[in-house]
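Colleague:
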Amino acid sequence: MDILDKIRILADSAKYDVSCSSSGSSRGSKSGALGSTSPSGICHSFTSDGRCISLLKILMTNFCIYDCAYCQNRISNDIERAAFAPEELIALTMSFYRRNYIEGLFLSSGVIISPDHTMELMIRIIKTLRQREKFNGYIHIKIIPGASSHLVHEAGLYADRVSVNIELPEEANYKALTPEKNRASILKPMKQIAENITENSEEKRLSRYIENFVPAGQSTQLIVGATPTTDGKILSLSQGLYNDYNLKRVYYSAYIPISSNKLLPQLSAPPLLREHRIYQADWLLRFYKFTADELLKENENLDVNVDPKTQWALYHMELFPVEVNRASYEMLLRIPGIGLTSAKRIVRARKLSSLTYEGLKKMGIVLTRAKHFILVGGKYHGNFAMKPEFIYEAISEKKDQIQLSLFGEIDRNLSLLDPGDELMMKKAGISQLIAEKAIISKSLGGDF
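The numbering used here puts the sequence shown at residues -3 to 444.
(1) Quick one: grab the DSSP three-state call for D1.
(2) Kindly identify the DSSP beta-bridge partner or partners of K138.
(3) Tell me the rounded alpha-carbon separation between I398 and P224.
(4) Alpha carbon to alpha carbon, how far is G37 from R95?
(5) Check whether the Cβ of F286 lies closer than 8 Å to any Cβ atom in chain D.
(6) Along the chain, which unbroken stretches of the alpha helix (DSSP H) at least 4 residues long are found entirely within the stretch 93 to 130?
(7) Using a threshold of 8 Å, state whether the C-beta atoms of I189 and G236 are closer than that.
(8) Out of Y205, L164, M115, which one is the CA nearest neighbour of K250?
(9) Who pairs with A81 in a beta bridge, going by DSSP?
(10) Beta strand (DSSP E) containing S145: first to last residue?
(11) Let me know the secondary structure DSSP gives Q188 once reduced to three states.
(12) Grab me the residues of I71's own chain with a C-beta within less than 7 Å of its C-beta, minus the 5 sequence neighbours each way, in chain order.
(13) In the DSSP output, what is S249 paired with across the bridge?
(14) E99: which of A79, L52, I342, D299 sits nearest, CA to CA?
(15) Kindly list the residues whose CB is nearer than 8 Å to the CB of Y170, restricted to its own chain and excluding five residues on each side of it in sequence; keep chain order.
(16) By the DSSP assignment, the beta strand (DSSP E) with I54 in it spans what residues?
(17) Can you find the residues in the same chain that come closer than 7 Å, C-beta to C-beta, to L280, ignoring five residues on each side of it along the sequence?
(18) Could you tell me which of K340, D112, G373, A309 sits nearest to R365, measuring between CA atoms?
(19) Closer than 7 Å by C-beta to M2: which residues in its own chain qualify, once you throw out the five before and the five after it? Chain order, please.
(20) Would you kindly report the start and end of the unbroken alpha helix (DSSP H) that includes V343?
(21) Could you name the residues that DSSP lists as bridge partners for L268?
(22) Below 8 Å on the Cβ atoms is my guess for V246 versus R270; work out the distance and round it to an integer in Å.
(23) On the three-state DSSP scale, how would you describe K11?
(24) Does the contact criterion of 3 or more C-beta pairs under 8 Å hold for the stretch 155 to 163 versus the stretch 205 to 221?
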């Protein structure tokens, strides 16, 4: 098969794996070697469907002995197949790197003959790149579940990052959708990699001549929407992986309907907004000191109309409004519209003088959200007197549709009143209802 046809087939087959990110490792240039790697050195570009293609992202082969129902490359699927010989991929990587097409290699593969056989071929590729070709760029390799522990360790000696994809959030999902795999075969290499990274860190403290082992850490991927699993269970699993296996990232991939299997949902489009909300919640777990239990119960899903931090805040209105001139750094991080950088700016600035509302605007705070949850010098700048239902309508991404529903409810309340009954009018607070309708109408015209 022509090399261009192989690239077309195997690059397309690799696009469903979203575990591409900045390198996270640093490797300086050396005499006689080609290239270098910096922590932020992978340039990002995106395909038409929004997926990152920052590396030469390719499969060694899309032949596979497994029959995973959700996978395009499953053995029962009638698709065009191709395979690279190790030397072909080595030459392709070096050629692309010299032409400045890429900054590294993202190598995955279908399983051929056995997990060990496949891993041996993949290791031959990255080992030859490092040792014979003196390739000093970034390499991310997928570990094949079920491969021997010595092969897992050897892969980590030549790669900057490794990943073992969990794919399915619950054990029961494996039995139904991918009977050849199980959770244990995936968690075993993840645990080994975590332990080897820890051991390597300890050895490097004793000697600077110790080689790096997976300097950019390990990651994994979960498919969102292929099973009935709730967002709460997905986030609980992710939190456990971060805590137990010291993962750098958990990536989430919206299920793309590529199979007519009755066990899989027949979606008209991938649940990309749900994927986005889970990424936002994952960010809160990693950097904002939230826990999965705080954000969601295991049987719940995230509200796609608002970001997870706003959803949490609306459920905990008893904690708000917060005076930004006195709130702790940890509490500032829990205010919608205030991020890591702006929270640090607030803490630094208020040491010099009291903060003002105008001053907050200059700090990069998203006041269209934050103003509903804060006091500035004792003054509340929100529009809805801390009423969570109105705040939700105002900052929801579907606020135009919700506005009509909300106005309908207010109008129904007004229609029940007798204009001639002054006492009833006062009891019902008609002036407040009319005022709220005017406030909402004005506020929803802005950018939330």
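Here a beta-carbon is modelled for each residue, glycine too, at the ideal position from N, C-alpha and C.
Modeller: Quick answer:
(1) helix
(2) Answer is S159, bridged to K138.
(3) With a pLDDT of only 41 at I398, under 50, the local geometry of the prediction cannot be trusted, and the value read off the model is given with reservation. Their backbone Cα atoms lie some 27 Å apart in a straight line.
(4) Any reading at G37 must be qualified, since the residue scores a pLDDT of 45, below 50, and its modelled position is unreliable; the value itself is stated next. Computed Cα separation, rounded: 16 Å.
(5) Checking the listed chains, one finds no chain D in this structure; it contains a single protein chain.
(6) 111 to 127
(7) No, these two residues do not count as a Cβ contact at 8 Å.
(8) First, the amino acid is wrong: residue 250 is Ala here, not Lys. Comparing Cα positions, the closest option is L164.
(9) Bridge partners of A81: none, in fact.
(10) Segment 145 to 154 is the alpha helix (DSSP H) holding S145; no beta strand (DSSP E) there.
(11) helix
(12) C60, I61, Y62, D63
(13) I219
(14) For the residues A79, L52, I342, D299, the minimum Cα distance to E99 belongs to L52.
(15) L164, K177, N178, R179
(16) For I54, the enclosing beta strand (DSSP E) covers residues 52 to 55.
(17) F286, L291, P304, K305
(18) A309
(19) Checking the sequence, you will find Lys at residue 2 rather than Met. A78, F80.
(20) Taken as a continuous stretch (DSSP letters only), the alpha helix (DSSP H) holding V343 covers 336 to 345.
(21) In the DSSP output, where bridge partners are listed per residue, L268 has none listed.
(22) Contact between V246 and R270 is absent: CB atoms are separated by about 15 Å, not below the 8 Å threshold.
(23) helix
(24) yes
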